[in-house]
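Number 506 in this note's numbering belongs to position 445 of the sequence shown; there are no gaps in the numbering. Ideal Cβ positions, reconstructed from N, Cα and C, are used throughout, including at glycine.
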Amino acid sequence: MAKCIEGKCEGGHRHVHLINGRARAAQTYPPKLVSAILNGIRRELRVRGELSTLAELTSGPSPDDTSNDQTESFVDETVSDYVDSVTGMPLDPAKVLEARKEEMKWVEKQQLWDVVPTTMCWEETNRPPITLKWVDRNKGDDSHPNYRSRLVVREVKKASKSLAEFESFSAMPPLESLKVLCALMVSKRTSKRNRPYKMMLIDISRAHFYGESKRRVFCTLPEGSEQEGACALLKRSMYGKLDAANIWQSTYVQLLTENNFRQCKAWPALFIHDEMDLRFIVHGDDFICLGDDEALKYLEECLKKKFEYRVDGLIGPERGDGTSMCVLNRVISYDKTTGVLDYEADPRHAEYIVKALNLEGCKPVSTPAEKQKIQDVIAAEEQPDLEPEQVSQYRSLTMRAAYLSMDRADLAEATKSLARHMQHPTEYAWGKLKRLGRYLSGHMRVVSKFRPQKMFNTIRVFCDSDHAGDLKTRRSTTGIVCMLGSCCVKHSSNLQSTVSLSSGESEFYALVKAGSVGLGLKAMLDEWKIDTELVLLSDSSAARGIASRRGLGKTRHVQTRFLWIQEKVSTKTLKVEPVGTHQNLSDLCTKPLPSDAAWCHMNRMGQVSVEGRNRQAKQLVA
């Protein structure tokens, strides 16, 4: 660090007396000094081998991320070696330079900016040009490296003015939309032309460079292209701009609508082409599509008009089709013999949780959590808080578990309980996390099976409630499971926002939540031209009774905002039907169940535990 900041004044410039408010301005460390200090710290940590302890906040998208802090994102890449911008792992300099060279070729091809005098930037913004930085990633693993370098403008940190929400908004599809596509592939199976459905993943190359800039944004010129007294005025959008995602969405929506694709109103990231019988979702620069060969080829031809792209995966029943692909960090595999589609969340997260807690080779437990007792709650209040390093690790591992719980119903309730301690985790919460780790050591992989079935015509939403299950706040938990035939497309476990005075009231609140979730799913299928009816299933006669009548009756304390479901039932927008307690799948998401009961529900949802390692999944970086 001392070497980084040893620079001294050589007397080649004028010294200014700190008067007229200049002393106040001088209280802020110069950016170059801050950068030098951080660079020095990073070099020292690298020498000590401690760089990997710098933080761990993000989970889902980056399973190999082992960092605990965001310090790296503020450091200029001016050192001689190269590291992964997310994980902090060292990268091969030759491959990084090759990736950067490829990026610059693309920048020049797109004519990203005009070179203008720096004085123009000062006149319009009253500040210097926004700086650029390189973001280097190895998006593969040790055995299959995949280096990517992106030139990013740092407007996120330094915006000239705040943007309105509509200027920065970009729609994202819900996770259940991907599962709905999987369910349609094994249920509908063939298109209008009687050709088999296939699923394709299309990745748009450098998507954020295609849109034209809507604002005048000045930035520095990249290293190697600097000019004295000159900067860049962006003509196109660029990674790091506040409105980059919004511009990209406007760009592809315009292209698609010109080619007769229809954008869904309720879910703007979902599209359909009625004539071609093609449905797809857009997640960032990824197009996840379901259609036959002709429909998929038509989409490619449309995208080819304006974008460069590559097909990252194609699965289907025919001989020339692939059998697996990675979509949104999920591994989707198709068995051509049986027609079964396997869907699995990235197993590296489970592997990392077990490894981070030093539970490799431990004795597994049969359930991820234990039923809460009042004495445990009292004892938990007296437990000391975790040390700062443990706090960071607790939050990171809990977020990884939350990522897994979106696709694994067995973890939903346990993860919800862990998330309640995120602000002030204690030794008690750490013990609950370790129990979850012990459970994962014996159930590392859970695969959702989408089996061939008749085309579904009903959305079944199971709902349940654990009355006053939280012994501290006495609030109840709502569990929900959405089924399309035998395919589970959504499950959730949420703490209710209000305290219920009876089990019937808490079950009614769960029914209302199930109704809102079910109507959202029905709106998605309606816009995709899939006709279905919505049925809510509850094992509470009291909740069904309140939903089927009009008004409050004896439950006068219930807030009137929950009574909209009575109108939906009376207009036959949805149905409410009974279900036996032991057949209620959502019971799994409300409380810790015995292992046999839990896995009985899991199997009925199509989620099964498997041994071994998925060959298609990336390896966890050591």
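| task | Using DSSP bridges, identify the partner residues of Q324. | result | Position 263 of the sequence shown, counted from the first residue, corresponds to residue 324. Its beta-bridge partners are F332.
| task | Report the rounded CA-to-CA distance for L389 versus Y464, giving the unit in angstroms. | result | In the sequence shown, residue 389 corresponds to position 328, counting from 1. In the sequence shown, residue 464 corresponds to position 403, counting from 1. Approximately 12 Å between the Cα atoms of the pair.
| What three-state label does DSSP hand K416 in the structure shown? | If you number the sequence shown from 1, residue 416 lands on position 355. Three-state DSSP puts K416 in a helix.
| If you count every other CB in all the chains shown that lies within 10 Å of the CB of T621, and 16 or more means buried, which is it? | Walking along the sequence shown from the start, residue 621 turns up at place 560. T621 should be labelled exposed.
| field | Stretch pair the stretch 402-416 + the stretch 486-504: three plus CB contacts closer than 8 Å | value | Taking 8 Å as the limit for Cβ pairs, the verdict is that the stretch 486-504 does touch the stretch 402-416.
| field | Segment limits, beta strand (DSSP E) that includes H269 | value | Translated into the one-based positions of the sequence shown, residue 269 becomes position 208. Segment: none, H269 is in no beta strand (DSSP E) and carries neither H nor E.
| Helix or strand or just coil, what does DSSP make of A603? | Taking the first residue of the sequence shown as 1, we reach residue 603 at position 542. A603 falls in the helix class under three-state DSSP.
| In chain order, what residues of the same chain have a beta carbon less than 6 Å from the beta carbon of H15, not counting five sequence neighbours either side? | With the chain covering only 62 through 683, there is no way to say anything about residue 15.
| Cβ neighbour criterion (16 or more within 10 Å) applied to A330 | If you number the sequence shown from 1, residue 330 lands on position 269. That one is buried.
| field | Sequence ranges, beta strand (DSSP E) only - wholly within the stretch 500-537, length at least 3 | value | 506-511, 519-527
| request: Excluding the 5 residues preceding and the 5 following E216 in the sequence, name in chain order all residues of the same chain whose CB lies nearer than 6 Å to its CB. | output: Here residue 216 is taken as the residue at index 155 of the sequence shown, counted from 1. Correct list, in chain order: I191, G301, K302, L303.
| query | What do you get for T539, buried or exposed, if any count of 16 or more other CB atoms within 10 angstroms of its CB means buried? | reply | Here the question's residue 539 lines up with position 478 in the sequence shown. Buried, by the Cβ-count rule.
| Residue from D145, G149, H528 with nearest C-alpha to N207 | On the sequence shown, position 146 is the one that residue 207 refers to. N207 has its Cα closest to that of D145, out of D145, G149, H528.
| I520 and G581: beta carbons closer than 8 Å? | The sequence position of residue 520 within the sequence shown is 459, counting from 1. The sequence position of residue 581 within the sequence shown is 520, counting from 1. Going by C-beta atoms, I520 is not nearer than 8 Å to G581.
| CA-CA distance, V426 and S553? | Looking up residue 426 in the sequence shown gives position 365. Looking up residue 553 in the sequence shown gives position 492. In a straight line, the C-alpha of V426 is about 23 Å away from that of S553.
| task | Entirely within the stretch 171-246 and at least 3 residues each: give me those beta strand (DSSP E) ranges in chain order. | result | 174-178, 193-199, 208-214
| query | What span of residues does the beta strand (DSSP E) with V671 cover, start to end? | reply | Counted from its first residue, the sequence shown places residue 671 at position 610. Segment 668-671, the beta strand (DSSP E) holding V671.
| message | Applying the 10 Å Cβ sphere with the 16-neighbour rule, what's the burial state of Q310? | response | Translated into positions along the sequence shown, residue 310 becomes position 249. When all chains shown are included, Q310 counts as buried.
| task | Check whether the Cβ of G400 lies closer than 7 Å to any heavy atom of the ligand HEM, and answer yes or no. | result | Within the structure as shown, the ligand HEM is missing, as the structure has no ligands at all.
| request: Using three-state DSSP, classify I591 as helix, strand or coil. | output: For the purposes of this step, residue 591 is taken as residue 530 along the sequence shown, with counting starting at 1. In this structure, I591 counts as coil in the three-state DSSP scheme.
| task | For T312, I'd like the list of residues in its chain whose CB is within less than 6 Å of its CB, leaving aside the five on either flank, ordered along the chain. | result | Mapped onto the sequence shown, residue 312 falls at position 251. For T312, where only same-chain residues beyond five positions count, the Cβ hits under 6 Å are Y271, G272.
| Any idea what DSSP makes of S554, helix, strand or coil? | Walking along the sequence shown from the start, residue 554 turns up at place 493. Of the three classes helix, strand and coil, the one that applies to S554 here is strand, per DSSP.
| request: Answer with buried or exposed for P429, where buried requires no fewer than 16 other C-beta atoms within 10 angstroms of its C-beta. | output: Your numbering for residue 429 matches position 368 in the sequence shown. Result: buried.
| task | Indicate the three-state DSSP secondary structure (helix, strand or coil) for C650 in the structure shown. | result | For the purposes of this step, residue 650 is identified with residue 589 of the sequence shown, where counting begins at 1. Residue state, collapsed to three classes: helix.
| Straight-line CA distance for E588 to C350? | Counting from 1 along the sequence shown, the entry for residue 588 is found at position 527. Counting from 1 along the sequence shown, the entry for residue 350 is found at position 289. Roughly 15 Å between the two C-alpha positions.
| Among D525, D396, H410, A225, which residue has its Cα nearest to the Cα of R674? | For the purposes of this step, residue 674 is taken as the residue at position 613 of the sequence shown. Comparing Cα positions, the closest option is H410.
| query | What number of angstroms, rounded off, separates the C-alpha of Q324 from the C-alpha of N307? | reply | Reading the sequence shown from its first residue, position 263 is the one you call residue 324. Reading the sequence shown from its first residue, position 246 is the one you call residue 307. Taking the straight line joining both Cα atoms gives about 15 Å.
| Sheet register partners of V168 (DSSP bridge) | Position 107 of the sequence shown, counted from the start, is the residue given in the question as residue 168. Bridge partners of V168: none, in fact.
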